[in-house]
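Numbering-wise, the numbering used here comes out as the position in the sequence shown, counting from 1, plus 823.
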Amino acid sequence: MTSDNLSPTDTTQLDGFSPHLDRRVFALRFTSTARGARLARRLVAVRLDEWGVAYGTCAHETVVLVAAELASNAVRHGHVPGRDFRLSLRVAVGLARVEVSDTRAERVPPRPGELSGPRPELGDGGRGLLLVDALAERWGWCPRPGAPGKTVWAECALP
């Protein structure tokens, strides 16, 4: 795991994010394992609480669940041996954005709008993006700029 932050309470300027934000950013690389995904989820939960999105609130639980699903998908579907995944959390007035990048370019998720409710053929898996689609205000994915792989992102409303 590698930190892009100077300290646990560091706030950084964002480029390309809405100008009305208070510019809170948390970003780390995690091992592409179940343990890495679990740690990502736990650290998102801690950071949200530190930033005033309290444990037990609907907004907190929603953002943590979305982060957990995206991290889990990166491990399960985007794993490349020896490569980490990167999670970033950006919190602004009224909005939280979670981005998860992996290094596997040939496996891409469907586009938003291509998911249409639970399907029986999903079996034990395949529901993660359905949850993200239901919980997030909007979500999508794009190729990673300047690196192999993709970034899947979701934005959730905050009170």
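Beta carbons: idealized from backbone N, C-alpha and C, even for Gly.
By DSSP's criteria, residue i is part of a beta bridge. Which residues make up the other side?
i: valine 914; result: Arg847, Ala919
i: glycine 963; result: Trp976
i: arginine 934; result: The partner list for arginine 934 (beta bridge, DSSP) is empty, contrary to what the question assumes.
i: arginine 906; result: Looking at the DSSP assignment, arginine 906 forms no beta bridge with any residue, so it has no partner.
Evaluate residue i with the Cβ neighbour count: other Cβ atoms within 10 Å of its Cβ, from every protein chain shown; 16 or more gives buried, anything less gives exposed.
i: valine 909; result: This sequence places arginine at residue 909; valine is not what is there. Classification for arginine 909: buried.
i: valine 955; result: buried
i: arginine 920; result: buried
i: arginine 913; result: buried
i: cysteine 881; result: exposed
i: cysteine 979; result: buried
i: cysteine 965; result: exposed
i: proline 916; result: One detail in the question is off: residue 916 reads as valine in this sequence, not proline. By the neighbour-count rule (16 or more Cβ atoms within 10 Å), valine 916 is not buried but exposed.
i: glycine 969; result: exposed
i: glutamate 922; result: buried
i: glycine 875; result: exposed
Using CA coordinates, which residue listed in the options is at the minimum distance from residue i?
i: serine 924; options: Ala915, Ala890, Gly951, Val916; result: Ala890
i: alanine 857; options: Arg927, Leu851, Ser895; result: Ser895
i: proline 982; options: Val886, Ala850, Val869; result: Val886
i: alanine 957; options: Ala977, Gly917, Arg967; result: Ala977
i: arginine 899; options: Ser911, Leu888, Arg927, Leu866; result: Arg927
On the DSSP letters alone, give me the boundaries of the beta strand (DSSP E) that residue i sits inside.
i: valine 955; result: No beta strand (DSSP E) contains valine 955, which is instead part of the alpha helix (DSSP H) from 951–958.
i: glycine 975; result: Note that residue 975 corresponds to valine in the displayed sequence, not to glycine. Per DSSP, valine 975 belongs to the beta strand (DSSP E) from 973–980.
i: arginine 927; result: No beta strand (DSSP E) holds arginine 927; DSSP gives it neither H nor E.
i: arginine 899; result: First-last for arginine 899: 881–900, but that is the alpha helix (DSSP H), not the beta strand (DSSP E).
For residue i, is the beta carbon positioned less than 6 Å from some heavy atom of the ligand FAD?
i: serine 911; result: Because no ligand of any kind appears in the structure shown, any question about the ligand FAD cannot be addressed here.
From what residue to what residue does the alpha helix (DSSP H) around residue i run?
i: glutamate 873; result: 857–873
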